[in-house]
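Working notes, structure below.
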Amino acid sequence: MLMSLLHSVGEDTHFAFRMMKRSLGLTAMAVLSLALGIGATIAIFSVIYALTLRSLPVQRPDQLVEVVRADGINLHSYAEWKLFRDKQDVFLDVLAYNSFFDTTFRIGPANQQQEVSGLYVSGDYFGTLGISAVFGRVLQPPDDQPGAPPVCVISYRLWRRLFGQSRNILGQTILVNRNEFQIVGVAPRSFFGVDIGNVPEIFMQLEAERTYRDYQLFFNGRQTPSLDDPEGTILSLVGRLKPGASVMQANAGLQVLAREIFRALPPRHRQSDGSVVSRSLAARPLTSGAWLQAMDMMLLLIAMAAVALVIACANLGNLLLARATKRQGEIATRLALGASRWRLVRQLLTESVALSVIGAVLGLLIARWGTQALVWALERASIWVDSCHRGDSDFTEFSDE
Numbered sequence: 000m001l002m003s004l005l006h007s008v009g010e011d012t013h014f015a016f017r018m019m020k021r022s023l024g025l026t027a028m029a030v031l032s033l034a035l036g037i038g039a040t041i042a043i044f045s046v047i048y049a050l051t052l053r054s055l056p057v058q059r060p061d062q063l064v065e066v067v068r069a070d071g072i073n074l075h076s077y078a079e080w081k082l083f084r085d086k087q088d089v090f091l092d093v094l095a096y097n098s099f100f101d102t103t104f105r106i107g108p109a110n111q112q113q114e115v116s117g118l119y120v121s122g123d124y125f126g127t128l129g130i131s132a133v134f135g136r137v138l139q140p141p142d143d144q145p146g147a148p149p150v151c152v153i154s155y156r157l158w159r160r161l162f163g164q165s166r167n168i169l170g171q172t173i174l175v176n177r178n179e180f181q182i183v184g185v186a187p188r189s190f191f192g193v194d195i196g197n198v199p200e201i202f203m204q205l206e207a208e209r210t211y212r213d214y215q216l217f218f219n220g221r222q223t224p225s226l227d228d229p230e231g232t233i234l235s236l237v238g239r240l241k242p243g244a245s246v247m248q249a250n251a252g253l254q255v256l257a258r259e260i261f262r263a264l265p266p267r268h269r270q271s272d273g274s275v276v277s278r279s280l281a282a283r284p285l286t287s288g289a290w291l292q293a294m295d296m297m298l299l300l301i302a303m304a305a306v307a308l309v310i311a312c313a314n315l316g317n318l319l320l321a322r323a324t325k326r327q328g329e330i331a332t333r334l335a336l337g338a339s340r341w342r343l344v345r346q347l348l349t350e351s352v353a354l355s356v357i358g359a360v361l362g363l364l365i366a367r368w369g370t371q372a373l374v375w376a377l378e379r380a381s382i383w384v385d386s387c388h389r390g391d392s393d394f395t396e397f398s399d400e
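The sequence shown begins at 0 in numbering that gives the first Met the number 0 and counts up by one.
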């Protein structure tokens with residue numbers, strides 16, 4: 000029975016390939032339509048997954064929350080950060096980092112400098128996220144004290160690109176703009192920070208921002224606000240919930256803490272009538288903020304995927320309908336010669352499966368190329384995608400090789 004079934008399937012498959020070979024042009028168009036639809040959909044979804052659906056590569060990302068103002072924006076002044084850090088008992092750990100995506104630094108020898116994206120971070124940044132260095136160490140609270148020597152942690156990608164993965168870089172100095180920073184460690188390959196659209200390649204302590212303020216620039220040449228700027232709300236705050244604590248409990252604690260913080264702030268943080276500018280702080284899961292940051296881009300990508308799939312299905316449907324119309328005479332003849340309806344249905348299904356398999360295989364190849372092309376396009380639009388490939392889980396690697 001089994002051998003008979005296998006023999007019958009083999010005959011159907013052989014006949015299916017013969018029929019596809021007979022109408023090679025139609026077969027090629029059908030396979031290409033299917034491959035483009037599958038490839039485009041996989042490529043777009045892979046980018047969406049890398050940007051928003053994938054968990055942050057940190058310890059217990061579900062415990063991380065961002066601290067937002069009354070208007071829902073996670074931007075705070077340095078004065079707010081210092082009061083928040085010193086007075087808070089809501090979170091297990093807290094961190095701060097400058098949140099201007101376009102902050103770039105020129106690194107390397109004076110005659111060979113290149114621009115890289117970078118962050119000023121608090122000394123608790125890596126500790127709060129639970130990130131350890133590939134080798135060397137990460138930044139620590141003592142590094143973020145006034146008078147501490149300038150040190151930095153570089154990304155795995157920068158280590159590979161600029162230093163050829165040399166393990167002799169620890170203790171070396173790197174020229175950042177016009178200032179020397181000592182390299183103390185390399186971040187893990189999978190770590191790309193906590194912000195969508197920003198893949199920092201160098202991490203420096205917040206205190207260094209004051210000393211080396213003069214040379215930090217936007218891409219368009221405008222200087223970013225200083226930490227000491229009264230209007231310089233340039234820091235994003237992230238906290239790690241205490242074990243067993245919920246976001247609702249954290250919000251209750253933040254309401255009390257916010258009153259204490261804003262009461263202690265200088266007059267520049269108050270309205271003309273004496274009331275404080277912001278009356279509340281709130282915790283929001285970090286992943287929720289990620290969706291909000293990239294909402295417009297995500298909707299555009301989802302729409303692109305849907306359109307690509309609909310077009311592919313419509314094209315394939317029209318091609319198969321044309322093919323079926325062309326074969327009406329053949330099918331009528333086979334029925335007249337005694338072929339059962341089930342035999343004909345099985346044959347047509349076999350042909351459809353063969354087309355689908357060929358189209359899917361070609362679609363995977365197109366998806367691989369299409370993902371790289373899409374990432375390249377997003378990078379040119381100042382949207383960085385850096386999601387590292389792991390053979391057991393991810394389909395595609397998004398990184399600069």
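C-beta: ideal position from N, C-alpha, C; glycine also.
* Asked: What does DSSP give as the partner residues of T172 in its beta bridges?
  -> For the purposes of this step, residue 172 is identified with residue 173 of the sequence shown, where counting begins at 1. Note: T172 sits in a beta bridge opposite Q181.
* To do: Answer yes or no: does any C-beta atom of chain D fall closer than 7 angstroms to that of A147?
  => Of the protein chains in the structure, only one exists, and it is not chain D.
* CA nearest to the CA of V255, picked from L280, S235 and S245 -> Mapped onto the sequence shown, residue 255 falls at position 256. Per the Cα distances, L280.
* Asked: Unbroken alpha helix (DSSP H) runs of length 4 or more, entirely within the region 18-90: which are they?
  -> 23-47 and 77-86
* To do: Determine, using beta carbons only, whether Q204 and L138 come nearer to each other than 7 angstroms.
  => Here residue 204 corresponds to residue number 205 of the sequence shown, with the count starting at 1. Here residue 138 corresponds to residue number 139 of the sequence shown, with the count starting at 1. Closer than 7 angstroms, so yes.
* Asked: How would you write the range of the alpha helix (DSSP H) that A251 sits in, first residue to last?
  -> Translated into the one-based positions of the sequence shown, residue 251 becomes position 252. Per DSSP, A251 belongs to the alpha helix (DSSP H) from V246 to A263.
* Is G316 closer than 7 angstroms to I201 when the C-beta atoms are compared? -> As a first step, residue 201 is located in the sequence shown; it is residue number 202 there, counting from the start. As a first step, residue 316 is located in the sequence shown; it is residue number 317 there, counting from the start. No, Cβ-Cβ distance for I201 and G316 is not below 7 angstroms.
* Asked: Within this structure, are the beta carbons of G184 and V64 separated by less than 7 angstroms?
  -> Within the sequence shown, residue 184 is the residue found at index 185, counting from 1. Within the sequence shown, residue 64 is the residue found at index 65, counting from 1. Not in contact: G184 and V64 (Cβ atoms no closer than 7 angstroms).
* Near G192, which residues of its chain fall below 6 angstroms by C-beta distance, leaving aside the five closest residues on each side in sequence? -> The sequence position of residue 192 within the sequence shown is 193, counting from 1. Closer than 6 angstroms at the Cβ level, and outside the excluded window around G192, lie P199.
* Applying the criterion that 16 or more other CB atoms from any shown protein chain within 10 Å of the CB defines a buried residue, is G36 buried or exposed? -> By one-based count along the sequence shown, residue 36 stands at place 37. Under this definition G36 is a buried residue.
* What residue does the beta strand (DSSP E) around R283 start on, and which one ends it? -> Within the sequence shown, residue 283 is the residue found at index 284, counting from 1. Taken as a continuous stretch (DSSP letters only), the beta strand (DSSP E) holding R283 covers A281 to P284.
* To do: Pick out whichever of G252, V309 and I301 has its Cα sitting closest to the Cα of L91.
  => Counting from 1 along the sequence shown, the entry for residue 91 is found at position 92. It is G252.
* What is the rounded straight-line gap between the Cα of S131 and the Cα of N73? -> Here residue 131 refers to the residue found at position 132 of the sequence shown. Here residue 73 refers to the residue found at position 74 of the sequence shown. Computed Cα separation, rounded: 25 angstroms.
* Asked: I168: which of V150, N176 and N178 sits nearest, CA to CA?
  -> As a first step, residue 168 is located in the sequence shown; it is residue number 169 there, counting from the start. Nearest C-alpha to I168: V150.
* To do: Note down, one range per segment and in chain order, each beta strand (DSSP E) of at least 3 residues found wholly within the region 317-343.
  => none
* To do: Taking the CB atoms as reference points, tell me whether G358 and V30 lie closer together than 7 angstroms.
  => The residue labelled residue 358 in the question sits at position 359 within the sequence shown. The residue labelled residue 30 in the question sits at position 31 within the sequence shown. Against a cut-off of 7 angstroms, the Cβ pair of V30 and G358 comes out as a contact.
* State buried or exposed for I43, treating a residue as buried only when at least 16 other CB atoms are found within 10 Å of its CB. => Locating residue 43 in the sequence shown gives position 44, counting from the first residue. So I43 counts as buried.
* **Best match in G38, T12 and G9 for proximity to L361 [C-alpha to C-alpha]** => Sequence index remark: in the sequence shown, residue 361 carries index 362 (1-based). With distances taken between Cα atoms, L361 lies closest to G38.
* Any idea what DSSP makes of V309, helix, strand or coil? -> Here residue 309 corresponds to residue number 310 of the sequence shown, with the count starting at 1. Helix, per DSSP.
* **Whole-Å CB distance - T26 paired with T349, under 8 angstroms assumed** => Locating residue 26 in the sequence shown gives position 27, where the first residue counts as 1. Locating residue 349 in the sequence shown gives position 350, where the first residue counts as 1. Contact doesn't hold; Cβ gap of about 14 angstroms is too wide.
* To do: Starting from the Cα of L298, find the closest Cα among Y48, I330, W158 and Y155 and give me that residue.
  => The count along the sequence shown starts at 1 and reaches residue 298 at position 299. The shortest Cα separation from L298 among Y48, I330, W158 and Y155 belongs to Y48.
* **Helix, strand or coil at V93 [DSSP, three-state]** => To locate residue 93, count along the sequence shown from 1; it is residue 94. Of the three classes helix, strand and coil, the one that applies to V93 here is strand, per DSSP.
* To do: Pick helix, strand or coil for I357, following the three-state DSSP scheme.
  => For the purposes of this step, residue 357 is taken as residue 358 along the sequence shown, with counting starting at 1. Helix, per DSSP.
* Asked: Quick one, which of G9, W80, S22 and D70 has its alpha-carbon nearest A263's?
  -> One-based indexing of the sequence shown puts residue 263 at position 264. Of the candidates G9, W80, S22 and D70, the one whose C-alpha sits nearest the C-alpha of A263 is W80.
* **Close Cβ partners of Q164 (< 7 angstroms) along its chain, the five nearest in sequence each way excluded** => Reading the sequence shown from its first residue, position 165 is the one you call residue 164. Closer than 7 angstroms at Cβ, skipping near neighbours: W158.
* To do: May I ask which residues mark the beginning and end of the beta strand (DSSP E) holding L240?
  => For the purposes of this step, residue 240 is taken as the residue at position 241 of the sequence shown. Unbroken beta strand (DSSP E) run through L240: L234 to L240.
* **Bridge-paired residues (DSSP) for F134** => Along the sequence shown, read from residue 1 onward, the residue named residue 134 stands at position 135. The partner list for F134 (beta bridge, DSSP) reads V185.
* To do: Select from P60, L319, L240 and E259 the residue whose C-alpha is nearest the C-alpha of A282.
  => Numbered from 1 along the sequence shown, position 283 holds the residue referred to as residue 282. Taking only the C-alpha atoms, the option nearest A282 is L240.
* Asked: For S154 versus P56, is the C-beta spacing smaller than 7 angstroms?
  -> Counted from its first residue, the sequence shown places residue 154 at position 155. Counted from its first residue, the sequence shown places residue 56 at position 57. No.
* To do: Please classify E114: does DSSP put it in a helix, a strand, or coil?
  => Position 115 of the sequence shown, counted from the first residue, corresponds to residue 114. Looking at E114 - three-state DSSP - the assignment turns out to be strand.
* Taking the alpha carbon of R166 as the point to measure from, which residue in P187, V152, G135 and L174 has its own alpha carbon closest? -> Stepping through the sequence shown from its first residue, residue 166 is reached at position 167. Closest by alpha carbon: G135.
* Asked: Quick one, which of E259, V152, L343 and R156 has its alpha-carbon nearest I173's?
  -> Working through the sequence shown from its first residue, we reach residue 173 at position 174. Of E259, V152, L343 and R156, the residue nearest in Cα terms is V152.
* List the whole-angstrom C-beta distance separating L300 from Y77, where the pair is believed to meet the contact cut-off of C-beta under 8 angstroms. => Locating residue 300 in the sequence shown gives position 301, counting from the first residue. Locating residue 77 in the sequence shown gives position 78, counting from the first residue. Rounded, the Cβ-Cβ distance is 36 angstroms, inconsistent with contact.
* Pairwise C-alpha distance: L94 and D85 -> Position 86 of the sequence shown, counting from 1, holds the residue named residue 85. Position 95 of the sequence shown, counting from 1, holds the residue named residue 94. If I take the Cα positions, the gap works out to 12 angstroms.
* Report the partner residues of I201 according to the DSSP bridge assignment. => Here residue 201 corresponds to residue number 202 of the sequence shown, with the count starting at 1. Answer is G117 and I153, bridged to I201.
* Candidates L336, N250 and Q346: closest to A69 by CA position -> One-based indexing of the sequence shown puts residue 69 at position 70. Of the candidates L336, N250 and Q346, the one whose C-alpha sits nearest the C-alpha of A69 is N250.
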